[in-house]
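For the sequence shown, the UniProt record's numbering assigns the number 1 to the initial residue and increments by one for each residue that follows. Positions of the beta carbon are idealized from the N, C-alpha and C atoms, including for glycine. Model, not experiment: these values are computed from the prediction. See below for the structure under consideration.
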Amino acid sequence: MITEKLEKAFNDQITAELWSSNLYLQMAFYLQKEGWDGFAHWMLKQSDEEKEHAVELAGYLMKRGGTAKVSMIDVVPDGWGNVEEVFKHVYEHECHVSRLINDLVDVASAEKDKATQDFLWGFVREQVEEEDTALSILEKIRKCNGGAGLFYIDGELAKR
Ligand code: MG
């Protein structure tokens, strides 16, 4: 049985993952409107992935006898200046999510819940990949300097 404190922390993280999913969905809409089909496609997949994280956390929580809750999701920002600004935001947001996951591990540790710590290591490792992927796309975008190279990256990201 999972403790009440951890159940609350898991539900907060579920809310955060759903908020992230909405943020990336809003970014996908922005990119689509700007004509960046590949960037938009990548971002839609990113949005789906965040929702899957929420479902995975909820699944574990329920397996441990907890109750998963979908809370009200705050409105997400919209209206970025360009593709570089969008991916800078993605990178910064992933760094923020990494901190949230670390904090969740700390709660599991304080509750002396070894199984939950073990479950969460997967999320900790995944955040390393999320940060790395976002940063590498951002750096490629920066190298384009607003030029035609962006069309190449747009084509590459369409393959995701
Ligand atoms: Mg996530």
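- Residue 75 sits exposed, since fewer than 16 C-beta atoms from the chains shown fall within 10 Å of its C-beta.
- With respect to residue 78, residue 32 sits apart: the two C-beta atoms are not nearer than 7 Å.
- Looking at 16, 115, 108, the one whose alpha-carbon comes closest to that of residue 72 is 16.
- Taking the Cα positions, residue 95 is about 26 Å away from residue 149.
- Taking 6 Å as the cut-off, the C-beta of residue 89 does not count as close to any heavy atom of the ligand MG.
- Looking at the backbone, the Cα of residue 30 and that of residue 82 are separated by about 9 Å.
- Around the ligand MG, the residues whose beta-carbon falls short of 6 Å from at least one of its heavy atoms are 17, 20, 50, 53, 97, given in chain order.
- When DSSP assignments are scanned along the UniProt domain "Ferritin-like diiron" (1-145), the uninterrupted stretches of alpha helix (DSSP H) that are 4 or more residues long and fall wholly within it turn out to be 4-33, 37-63, 83-110, 114-144.
- Exposed is the label assigned to residue 70, since fewer than 16 other Cβ atoms lie within 10 Å of its Cβ.
- Residue 43 counts as buried, since no fewer than 16 other beta carbons sit within 10 angstroms of its beta carbon.
- Residue 149: member of the alpha helix (DSSP H) spanning 149-157, first to last residue.
- Residues 76 of the same chain have their beta carbon placed closer than 6 Å to that of residue 23, with the five preceding and five following residues left out of the count.
- Nearest C-alpha to residue 151 among 34, 48, 50: 34.
- Residue 117 and residue 145 have their alpha carbons spaced roughly 43 Å apart.
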